[in-house]
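The sequence shown runs 72 to 1029 under the numbering used here. Ideal placement from N, C-alpha and C gives every residue a C-beta, glycine not left out. Bear in mind the structure is a predicted one, so any value in this text is a computation, not a measurement. Below is one structure; the comments refer to it alone.
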Amino acid sequence: MMLKLKSMPFAIACAIASGALIGAAPALAQSQQGSTEPTAQRVVVTGSLISRTNTETPTPVQVLTAADIQKSGKTSVAELLTDLAANGAGTLGTGFAGAFANGASGISLRGLTVGATLVLIDGHRMAPYPLSDDAQRSFVDVSSIPFDAIESIEVLKSGASSLYGSDAIAGVINIKLKKNLNGTRMSAEVGDTQHGGGKTKRASISTGIGDLDNDGYNAFITAEYRKQNAIKVVDREQFGYANRDWRARGGNDLTLGVPTTLNSFLTPSSSPFLYNPAGAGGVNNAANYQFLDPSCNFTLYRAGGCSVRDELSNIQPETENVNLMIGMTKKLSENWEVRFNGSMFQRESSNNRNATPQAFNPISFNGTTTLVNGVLTPRVGAIPNTTFAANAPVGANITNQLGAAARLYGYIPDVGAALTTDNKSTATRFSADLVGSAYGWDVNAAIGGTRVKSDLDYSGYVNRTNLYNALRAGTFNVLGNNDPATVNAVSPQFSNKIDSTLNYADLVGSRELLSNFGAGPLAFAAGVHWHERKQNAPPSSLTLNGSVANTSAFTIGDETNSAVFAELQATPIKNVEVGLAGRYDHYDTYGNSFTPSANFKWTPIQQFGVRGTFARGFRAPNPAEVGNAGSFFTFNAINDPILCANGSQNTAGNVPTACGFAPPYVQTTNPDLQPEKSKSFTAGIIVEPMRGLNMTLDYYKIQIKNLIVTQAGNDPSFEPTWVRGPAGPIDIATGVGTGRVTGIPSVGPILYATSPYINAGSTETHGVEADIRYRWRLANEMGTVTANLSAAHVFGYVTEVAGESYQLAGTQGPSSVGGATGNPKDRAQFTLGYNRGPLDVTATVNYTSGFSTTDPALGAFDCASTALDVGGRTYFQNFVQPSGYCNVSSFTVTNLNVAYKVTDNLTIRGAILNLFDKEAPYDVATYGNAGAQTSYNASLHQPGAVGRFFSLGANYTF
């Protein structure tokens, strides 16, 4: 039987088979190098509590050292981890403007969402970001962790709940911070993009005193500053993915301010205007219009000459980071030492949801819906009629001169970017570790307090009641230049403070129970864990009372977890290592969980080994799912089952605005949720056929049951109970061409439907991952060549709900769970390095395979409409979507980093990211991007939107 990896490039597949390349630094290489030392150092590797000298463990672990991080050319940890081959569907990138946690970044190992990947700091839990991903999943924001504070990053690619508890279903990312430092190191770099925007500056200083062995202590401090300018959509409008005019591609012109059949030829433009819907000739008669700014008239308007450039939406948000970390280690005796660590990682970012600019309501305003302590109140502040009578004032210095009631179309001036949040997020962490040995036990006791606080300043929201009161009173000028007091009444700026805390205590002891148990010792470790977590992210005052529209989530809740766990490790027969572990957790939110695991490694010869693992895991319901929480969300587009039953905007009696629109859902909690439960398996080989060449190949399979999901989009039997507003005057199709007439339909518009969290169905994913490392020392001292390959291939990603199974590998699904980030089958990272004396050159190639834009889990199989059905995008509404957009092309990006050691103290370096300026491919079905006007996948293809990026820097040590 021959196994074919159809989607992986042939060259990479051959490389894996031949062993000519290498992957993400398997620890076998380190242990081999370490064997030349007189005494092999014992270390604890993520995935075990027991120290060992051979760091190639039974569980697959990928190690990124501080040197690897520096050679990547990246400027943030988020960028670095996003490129992991094991990172998949559901990953959260900083370019996802529509995310509830926009501006933050989370990792999704094996494509099982950020909620199934546990991120640790020095082996301990960290307070999650207070804004949950998709308003549901807890995650640690990796974008706030500075480069210079990191000693290494260990990526455990196996279930690990038996040691670490909840969330470690897909794996664990353990970020190890520096423990000690001698001397002083200063670093600075600047960078810029070729196509504009995104200028980056970074500087850091680290200094330490004391030698632990000679002085009995070490103390250090490290500080870092980083600023990254925004990249606006307008900076990339020359590229197809940022071009809103789809006519040449078989679709609609979505340029702001351009009248089309899609908007019934009535849309806000560069000039506000009044329109008389009762006038003869309707939209085609210039006499029915009153343009309020002389820069636009009917002829220009109909020709698209009054369009509006979107200069406010982001491809990449502006961020500014200030980071500080202090540490001290004090030797208490020959066997005991105490470590103190304190850190403050602060990130300021300016994000907007990249929504269409705020516009006037031409006919009516249906109000906002509030959710207070589980009680929904629709139509708060509703305005049944927003038209203006003949000769009535329309704001300051303007009257309706059309002789009949008229609608006002236009963008609201002086408001700024819609739905903007200036977020100052500060993560603080204080920890103390007591490490030592006594009576044959190695002991590690730790306590810590962690907190993430976000100060949120909101702007770009509109109080519609105040707006229309001001318009009718003639005090608000629709052409702009309103005084600050008037603007603040119409578009109030308001604030909110939210935080998330997690305090923990851990005690772990390990020892050899028997020095001779078969062919080796019997080692044992046991520990206890306690943590208390509180999430206090209340709604802001103005969204709580419905003064402005609610686009943010809120969560108020807490949990307390206590656990005991143990691990056994033995070598019962020669060259066979086996391990057992188990953990018992108690949560005050739902009850108890027990999660066992087992592993083995057999090394029949020095050059070859076989390994495997089995683990059970769980994810406990979090405060966003069982506490006082809620959110309002949209994802795909539908046709109103009554007002647009056949999906055509032009069928007589249909309401055009009810066709192809994304309905709002209200997310509600469920106190009866049970934890998600998982079983995971890995089986692999370790091969070292010759000196310098190390390879691992591992198969994995993960099954998750009792999935906690929102009912909409995940339960095929779910029939939304639509809450509607009252029927009122609206445009109705006449059935003659694109004709419209104002009338009152049989029912009012859809306001929302509730969607509770449920335990439903299961997900199963399986695939293979290869890590290969090759090191070749050239003859005649010509230098050293290193090559690394890390590659992952997904055989299947099957979700099952209500007895129906859907294969999602290589598709856009599960879009309602993973933010429509795509589910590619193949990802790979290849690194080629050359070092000779002071010169160090590293090239990194990141590959992501293509995938279909369909989502079988959503019932979206038709390639003729995936943009609308999956992403809610109207690029091709009323057209047949061209077949070329049914698939997203593969994406390959190359990064180059060069460093030169000028003196023993001074090193200069330069990097070019996206060396060949590869453009992001089209993904018309994602909503995980910079808004409806950009058709690329920000989670997978963000480097293609940023474009070629240059940086230059220097390090100086003394």
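Query: Is the Cβ of Ser435 closer than 7 Å to any Cβ of chain C?; Result: Considering every chain present, this structure includes no chain C. It has just one protein chain.
Query: Do Ala695 and Leu939 have their C-beta atoms closer together than 7 Å?; Result: no
Query: Output needed for Thr792: all residues of its chain with C-beta closer than 8 Å, excluding positions within five of it in sequence on either side, in chain order.; Result: Ala824 and Thr825
Query: If Asn725 and Leu333 are in contact, beta carbons under 8 Å, what's the gap, nearest whole angstrom?; Result: No, Asn725 and Leu333 are not in contact; Cβ-Cβ is about 14 Å, not under 8 Å.
Query: Counting only runs that start and end within the segment 234-273, where is the beta strand (DSSP E) found for 3 or more residues in a row?; Result: 242-248 and 254-264
Query: Taking 6 Å as the limit between beta carbons, can you name the residues of its chain near Leu538, skipping five residues before and five after?; Result: Val561
Query: With a Cβ-Cβ cutoff of 7 Å, do Asp802 and Arg795 count as a contact?; Result: no
Query: Determine the burial state of Lys645: buried for a count of at least 16 other Cβ atoms within 10 Å of its Cβ, exposed for fewer.; Result: exposed
Query: State the DSSP-derived secondary structure class of Pro1043, mapped to helix, strand or coil.; Result: It is not possible to answer for residue 1043, since the shown part of the chain is limited to 72 through 1029.
Query: Considering only their Cβ atoms, is the gap separating Gly1018 from Thr264 smaller than 7 Å?; Result: yes
Query: So, under 8 Å CB-CB, Ile221 and Ile292 are touching, yes? Tell me the CB distance rounded to an integer number of Å.; Result: So it is not a contact: roughly 15 Å between Cβ atoms.
Query: Output the boundary residues of the beta strand (DSSP E) element that contains Lys989.; Result: It is not in any beta strand (DSSP E) - Lys989 carries neither H nor E in the DSSP assignment.
Query: Under the three-state reduction of DSSP, which class applies to Thr779: helix, strand or coil?; Result: For the record, residue 779 in the displayed sequence is Ile; it is not Thr. Looking at Ile779 - three-state DSSP - the assignment turns out to be strand.
Query: Over what stretch of residues does the beta strand (DSSP E) that includes Ile397 continue unbroken?; Result: Glu389 to Lys402
Query: Cα separation between Glu127 and Pro563?; Result: 58 Å
Query: Are there three or more Cβ pairs, one per stretch, closer than 8 Å when the segment 536-556 is compared with the segment 465-474?; Result: yes
Query: Along the beta strand (DSSP E) that carries Asn917, what are the first and last residues, could you check?; Result: Leu910 to Thr919
Query: According to DSSP, simplified to helix, strand and coil, what is Ser954?; Result: helix
Query: Given a cut-off of 7 Å, decide if Arg315 and Thr326 are closer than it, judged by their beta-carbon atoms.; Result: yes
Query: Inspect the beta-carbon positions of Ser258 and Asn894 and report whether they are closer than 7 Å.; Result: no
Query: I need the DSSP call for Asp940, collapsed to helix, strand or coil.; Result: helix
Query: Could you check which residue in Leu573, Ser664, Phe679 and Ala873 has the C-alpha nearest to that of Gly628?; Result: Leu573
Query: Less than 8 Å between the CB atoms is what I'm expecting for Thr882 and Asp933, so what's the real figure, rounded?; Result: That belief does not hold up - the Cβ atoms of Thr882 and Asp933 are roughly 13 Å apart, past 8 Å.
Query: With H, G and I counted as helix, E and B as strand and the rest as coil, what does DSSP make of Leu542?; Result: helix
Query: Relative to the C-alpha of Phe310, which candidate in Ala476, Val647, Ala899 and Gly267 has its C-alpha closest?; Result: Gly267
Query: With a cut-off of 8 Å, do at least 3 Cβ pairs link the segment 683-703 to the segment 743-759?; Result: yes
Query: Can you give the Cα-Cα distance for Pro992 and Thr162, rounded to whole angstroms?; Result: 18 Å
Query: If you draw a straight line from the alpha carbon of Ile280 to that of Thr892, how long is it in whole angstroms?; Result: 46 Å
Query: Please classify Asp975 as buried or exposed, where buried requires at least 16 neighbouring CB atoms within 10 angstroms.; Result: exposed
Query: With respect to the beta strand (DSSP E) encompassing Gly628, which residues constitute its N-terminal and C-terminal limits?; Result: Phe625 to Ile644
Query: Take the Cβ of Tyr1007 as the centre, count every other Cβ of all protein chains shown within 10 Å, and call the residue buried at 16 or more, exposed below.; Result: buried
Query: Check whether the Cβ atoms of Ala157 and Ala863 lie closer than 7 Å to each other.; Result: yes
Query: Just how far apart, CA to CA, sit Ile979 and Ser143?; Result: 15 Å
Query: Span of the alpha helix (DSSP H) holding Arg373?; Result: Phe369 to Arg373
Query: Only counting runs of 4 or more residues, tell me where the alpha helix (DSSP H) segments fall wholly within the segment 677-705, in order along the chain.; Result: 694-697
Query: Name the two residues that bound the continuous beta strand (DSSP E) containing Gly814.; Result: Arg811 to Gly814
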